[in-house]
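Novice: Sequential numbering from 1 applies to the sequence shown in UniProt numbering.
Even for Gly, the Cβ is constructed at its ideal location relative to N, Cα and C.
All figures in this text were calculated on a predicted structure; none of them were measured in a lab.
My questions will all concern the structure given below.
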Amino acid sequence: MPSDSPRSSGPSTPRVLDVRGIPKPRKHPAIFELYQSLDVGESFILINDHDPRHLRDEFDTDHPGGYEWEYLSRQPRDWQITITKRARTPLPRVLVNTGDLPEEAATGAIWSISASRRDLDSNVIWLPPGEEIGAHTGPDLDVLIHVISGGGSLTTELGEVPLTATDVVYLPRQSLRGFTAGPEGLRYLTVHRRRESLGLNPTRR
């Protein structure tokens, strides 16, 4: 009978989580809650009514290299997978090489961190020559910026600050800021505490 909670069938047997009777919005949270509770080397058996490919995509995004996925059954309405925890936490890894990002791309965010379970947000922003993000009051969090390439200027409450490649810029919370791209455009990386989208709208000056 479907169950929405893991059950143990013995000290040396993996726990079983049958999600066939769990409402869809609760399935993935229940699965990851059980996974987080495992010790390194422990496993659980997931039972689902279809191949949970989207779930595996989430594991690949949040725990690449840190888990094992083994199919036990691929029968109609009886898909069983053993999921094993190989590392205590998600593994440190390279997310992107900014040098590999396209030289000419759409204005705005051309890369964003994709891990769903995180405390940070990070984006690579591209402003073509002549475009700007108008002066605005920043959110209630500190932002760190690294200028990757190009240059331009940073508008502040008391004037403008030139920006050049390799600059690291600190934007205190709620400070007034705006960005204008120079003749080579402006590409920069932002890092800040996670929050909803900042909603920046680049415009052409």
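Go ahead and pull the three-state DSSP assignment for P25.
Specialist: Residue state, collapsed to three classes: helix.
Novice: Measuring only the C-alpha atoms, how far is D57 from L91?
Specialist: The alpha-carbon atoms of D57 and L91 are separated by roughly 16 angstroms.
Novice: Buried or exposed: which applies to S114, given that a residue is buried once 16 or more other Cβ atoms fall within 10 Å of its Cβ?
Specialist: Exposed, by the Cβ-count rule.
Novice: Let's test the definition: count the other Cβ atoms within 10 Å of the Cβ of G151 and tell me whether it reaches 16, buried, or not, exposed.
Specialist: G151 is buried by the Cβ-count criterion.
Novice: State the DSSP-derived secondary structure class of Y188, mapped to helix, strand or coil.
Specialist: Strand at Y188.
Novice: Just grab the DSSP bridge partners of N48 for me.
Specialist: Note: N48 sits in a beta bridge opposite W79.
Novice: Apart from the five residues on each side of it in sequence, which residues of its chain come closer than 8 angstroms, Cβ to Cβ, to L171?
Specialist: These residues qualify, in order along the chain: G138, D142, V143, L144, I145 and R177.
Novice: Go ahead and label residue 206 buried or exposed: buried means 16 or more other beta carbons lie within 10 angstroms of its beta carbon, across all protein chains shown.
Specialist: The structure shown has nothing for residue 206, since the chain only spans 1 to 205.
Novice: Along the chain, where does the alpha helix (DSSP H) containing H146 start, and where does it finish?
Specialist: Segment V143 to T156 is the beta strand (DSSP E) holding H146; no alpha helix (DSSP H) there.
Novice: Suppose the cutoff is 7 angstroms on Cβ atoms and the five residues either side in sequence are ignored; what does the same chain contact list for G101 look like?
Specialist: Position check: residue 101 holds Leu in this sequence, whereas Gly was assumed. Here the set comprises I110, W111 and V124.
Novice: Kindly indicate the opening and closing residues of the beta strand (DSSP E) around T166.
Specialist: Looking at the DSSP string, T166 is not in any beta strand (DSSP E), and its letter there is neither H nor E.
Novice: Give me the Cβ distance between H50 and W79, rounded to the nearest whole Å; I'm assuming they're in contact under 8 angstroms.
Specialist: With a Cβ gap of about 6 angstroms, H50 and W79 count as contacting.
Novice: Going by Cα to Cα distance, which pick from S149, S116, R118 and R117 is closest to P128?
Specialist: Here the closest residue by C-alpha is S149.
Novice: With a CB to CB cut of under 6 angstroms and the five nearest residues on each side skipped, what residues in its chain are close to V19?
Specialist: The answer, listed in chain order, is K27 and N48.
Novice: Mark V147 as exposed unless 16 or more other C-beta atoms lie within 10 angstroms of its C-beta, in which case mark it buried.
Specialist: Buried: at least 16 other Cβ atoms inside 10 Å.
Novice: Could you give the residue range of the alpha helix (DSSP H) that holds D18?
Specialist: Looking at the DSSP string, D18 is not in any alpha helix (DSSP H); the run it does join, the beta strand (DSSP E), is R15 to D18.
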